[in-house]
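Residue numbers (the numbering used here), protein chains in the order written: chain A, 1 to 99; chain B, 1001 to 1502; chain C, 2001 to 2496.
Glycine residues also receive a C-beta, built at the ideal position from the N, C-alpha and C atoms.
Note sheet for the following structure.
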């Protein structure tokens, strides 16, 4: 049984914002199937009593003081923008929700 | 997606259904700098002037958490009677959206900083306990302006332009547990909760909580269950509820809308709805039935938060007097009824009255002016008391002038009118408008003589013993003096001139 | 001897004594780049003008009597995953073609402060994802030992630049072996410091909880000097450690290992390992013993799960870290014809801007974090991470350092594993555990494999903040081998 189907890969591509052609989906589905099959081994030793580690080292509580620091100028901020209008980043129309 | 406009009248809806409400409130913290970088949080700056590699999510930039924001969140949690986590983490909430530079929001997921608290609110003379599920810290998004469409709204726009000044401002999310049993008071409870929450934030000094500027925003959850059942219905989440009045309207409107659908045999769709401030109507947004997959995971760029019990105890001991405690104390000090206190609370007048009393004015006088003349004027102009261009110190001066006999209440009202109209301080208004009581006996005497000669009939009646007719003559004097005469002294002089004694 | 054959320490001394100027040193290296890099392709960007200007400034400061650090005026090749204000920063990706950041990475700043002369930016696997540098959007880098082979990856441009004498030093980043593996297959020294030992600020993130900047050099002392120059706490990186940099330079100068307890990781070896690699590794272990070390075998059973855990954790973090590359604020934008939505433009941009390995890992990570799969994949991988840290801890109660081959094989031919991700991933088999636990680990040359005459690396792993042990053992091994070989291993490399 395959670990992942072509449709699931299409869903992952959508979630990841990757416009993939059908042929690519097939290709990645085959590869991801092998990879997922191999990495699934981690579950063999991951028993309930083992705490997960999200970080390499067990450090905590590092903050910065609430002080304002200089920002970029709008010119610097916008310099690499693909499109600019009125000192704002111009982006294509946004579907759906009103924020 | 269809929008139904059918509604069931509120009373009928309440006869048939019982509402369950829930509130999610976002409060922008009033820190000097953003949540994860040193950019300023000042509102209203020119676009993209408060941005840096971190809040623009430039390649390679890393977040560093603001200590004041952590502290403020813990203080909020303590003020809301929450348990403070001994160890918790930030999490990434992954979804793509152009106003969110990293395309993930740093938030908290299953390990919020504060949990299981409550906030008591008063509605209809009763205390309602609103239980708090969680309080967590996250970051705000940028602001999009939608261009090209007819409405300026997102739908139909050709493109958008984005300003990231707001991106990364610390945001505290406060989520209530579902509130049951509020019955027909559900809208009032919702409003009272948000009002009280706002006051707590102000008292803590953690946010300016300006709903109109978006520094406090509410999402309102409503579901209905048919009377006699105990199973909650499907809930909707109404966003964009950005004034206290709207909180109440949104709950009421959603009860009426859902009741009509349910009564008609329909079913409620689990969805996000948008509240429209202008019409008071909600419209359907994104359906939540296809659950979003946010792929939360612990934020690897930030270390866990582990507030020491000593620090939490210290913050707890330093909490200011909270609004309910303060109101109870002031009520006792001022000796006012529950009803009057509630009225002052609803009018947001307690702080103003308190400041006026602190400056030496008797509580009754302070309350009379703020809740009388000034409340009326605020109402007329559709503003809040606090936004009237008049200060407690100015009220103190007006009360002094009345007490010294320089003004009567009628003149005092004119003085207030002048102050509100921007004519200056109370003394300047008195001077400019010539509002001082006429206490010069000679001037008063000549006014009386004029009034007596032009009201001979009335004068005769008084002479003949009908003392009650003196009222009309006093009225004439007040009119002729344009209110500046001392009415009591005028009455004495009139009777004296007419040779009548009481 | 040509200036480009000298070590960084030697160049520093020559400049300090006034025998050569920083400008002469920089020019010599720029000339070498012009001579060989068309064949090696170590650099994505050569900054000749700014390098000479930096060199002039070092010379001027020295002439003015300023006291300068040991690396002032020494040229360096900088991995193109660190932001640089005055040079393009691409991370080897088309999505950032021509991108110029408005700020310097902390590592960049510290290189400049130490007076290092940045020659340019080096090639890498796109977003540091890969073990061969074939995943660069700008074409592969070639191994100076055999131009038909890979120089390792992801920091292959940096390893190749140093191994081909285009620079005495270079920077790298190590997420799963991206410094140690390229160092091993090009016959040079590469160090992965303790996680958090140096700042990640301005390092374009691949996997935040694993990424570690580190040095490449042709000998252990040079690596330690560079390590010291850019390491240390940074307020801009919360995960950077707030403590002194371990005494790495001192350790590299000392190199005495008598009485040291050395553990050989039992799990690394056997099937899948090239015989020539294992032969050189066992010789290195014998050498350590002959130098007075006590060698024991140590079992770290969880290490067999390190590779799968890594290929869940790293892709998960990368799927989120790379979300910002969406064509809205900087970089490539594709398909914005005025009718398409932001969502469509993002998807077209990312499809056009990312290469296949990056896409594969983004989708793998997205999968591992999805609701319903999280616990079995990402969650389990995090538990394996705990087990690996525990195994290291137990091992370091028994021994002072652990050793293994750095890689199972020598450099493989370009193209050989390009379309076989699993085969490619095996290159990181031995290096990954130190990333998952945050430990320090170094790779030093230990000879040439008999079957192909290509370099083999010895990996020396030390506990968290035990970076100095890597250098101490590395220096001892280096000295003993060089005595045996009559000079550095690199002298065996064909001249280009």
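Beta-carbon spacing of residue i, residue j below 8 angstroms
i, j, result
"residue 992 of chain B", "residue 1374 of chain B", "Past the boundaries of the shown model lies residue 992 of chain B; chain B is included only from 1001 to 1502, so the question cannot be answered."
"residue 2514 of chain C", "residue 2144 of chain C", "The structure shown does not extend to residue 2514 of chain C, since chain C spans only 2001 to 2496, so no value can be given for it."
"residue 45 of chain A", "residue 2384 of chain C", "yes"
"residue 2469 of chain C", "residue 2400 of chain C", "yes"
"residue 1352 of chain B", "residue 1392 of chain B", "yes"
"residue 2334 of chain C", "residue 2348 of chain C", "yes"
"residue 2025 of chain C", "residue 2070 of chain C", "no"
"residue 4 of chain A", "residue 33 of chain A", "yes"
"residue 1414 of chain B", "residue 1435 of chain B", "yes"
"residue 2154 of chain C", "residue 2124 of chain C", "yes"
"residue 1053 of chain B", "residue 1165 of chain B", "no"
"residue 2148 of chain C", "residue 2182 of chain C", "no"
"residue 1142 of chain B", "residue 1150 of chain B", "no"
Sheet register partners of residue i (DSSP bridge)
i, result
"residue 2459 of chain C", "C:2404 and C:2443"
"residue 1017 of chain B", "B:1226"
"residue 1039 of chain B", "Answer by DSSP bridge pairing: none, since residue 1039 of chain B is not bridged."
"residue 1106 of chain B", "B:1092"
"residue 1144 of chain B", "B:1162"
"residue 2146 of chain C", "C:2143"
"residue 1118 of chain B", "B:1131"
"residue 2262 of chain C", "C:2295 and C:2401"
"residue 69 of chain A", "Bridge partners of residue 69 of chain A: none, in fact."
"residue 2217 of chain C", "C:2169 and C:2189"
"residue 2242 of chain C", "None; residue 2242 of chain C has no bridge partner."
"residue 2475 of chain C", "Answer is none; residue 2475 of chain C lacks a bridge partner."
Nearest-angstrom beta carbon gap, residue j and residue i [assumed within contact, 8 angstroms]
i, j, result
"residue 2436 of chain C", "residue 2310 of chain C", "6 angstroms"
"residue 2073 of chain C", "residue 2055 of chain C", "6 angstroms"
"residue 2167 of chain C", "residue 2119 of chain C", "6 angstroms"
"residue 1189 of chain B", "residue 1241 of chain B", "That belief does not hold up - the Cβ atoms of residue 1189 of chain B and residue 1241 of chain B are roughly 14 angstroms apart, past 8 angstroms."
"residue 2110 of chain C", "residue 2230 of chain C", "4 angstroms"
"residue 1067 of chain B", "residue 64 of chain A", "7 angstroms"
"residue 1225 of chain B", "residue 1018 of chain B", "5 angstroms"
"residue 1014 of chain B", "residue 1183 of chain B", "7 angstroms"
Sequence-distant residues of the same chain with beta carbon closer than 7 angstroms to residue i, five excluded per side
i, result
"residue 1198 of chain B", "1209 and 1216"
"residue 2484 of chain C", "none"
"residue 1202 of chain B", "1209"
"residue 1312 of chain B", "1074 and 1084"
"residue 1553 of chain B", "Lying outside 1001 to 1502, the shown extent of chain B, residue 1553 of chain B is not represented and no answer is given."
"residue 2187 of chain C", "2145, 2163, 2445, 2455, 2489, 2490 and 2493"
Contacting residues, own chain, Cβ-Cβ under 6 angstroms from residue i (five flanking each side not counted)
i, result
"residue 2035 of chain C", "none"
"residue 2368 of chain C", "2312, 2316, 2377 and 2378"
"residue 1412 of chain B", "1398 and 1402"
"residue 2280 of chain C", "2446, 2447 and 2456"
"residue 2273 of chain C", "2408"
"residue 2174 of chain C", "2192, 2212 and 2214"
"residue 13 of chain A", "20"
Sequence-distant residues of the same chain with beta carbon closer than 8 angstroms to residue i, five excluded per side
i, result
"residue 1104 of chain B", "1092, 1093, 1094 and 1095"
"residue 2398 of chain C", "2261, 2263, 2296 and 2298"
"residue 2007 of chain C", "2168, 2217, 2218, 2219, 2221 and 2222"
"residue 1267 of chain B", "1234 and 1261"
"residue 1200 of chain B", "1076, 1079, 1080, 1119, 1322 and 1323"
"residue 2292 of chain C", "2257, 2258, 2259 and 2260"
"residue 1117 of chain B", "1077, 1080, 1081, 1082, 1083, 1131, 1132 and 1135"
"residue 2058 of chain C", "2015, 2022, 2068, 2072, 2073, 2115 and 2117"
Residue i Cβ short of 7 angstroms to the ligand ADP heavy atom set
i, result
"residue 1090 of chain B", "In terms of ligand content, the structure shown is empty, and the ligand ADP therefore cannot be addressed."
Length at least 4, wholly inside the stretch 1375 to 1457 of chain B: the alpha helix (DSSP H) runs in chain order:
1375 to 1381, 1392 to 1403, 1409 to 1420, 1426 to 1433 and 1441 to 1454
In chain order, which continuous runs of the alpha helix (DSSP H) of length 4 or greater are located wholly inside the stretch 1181 to 1253 of chain B?
1186 to 1204
In chain order, what are the residue ranges of uninterrupted alpha helix (DSSP H) at least 4 long that sit wholly in the stretch 5 to 58 of chain A?
6 to 15 and 22 to 39
Whole alpha helix (DSSP H) elements within the stretch 2045 to 2083 of chain C, 4-residue minimum:
2048 to 2063
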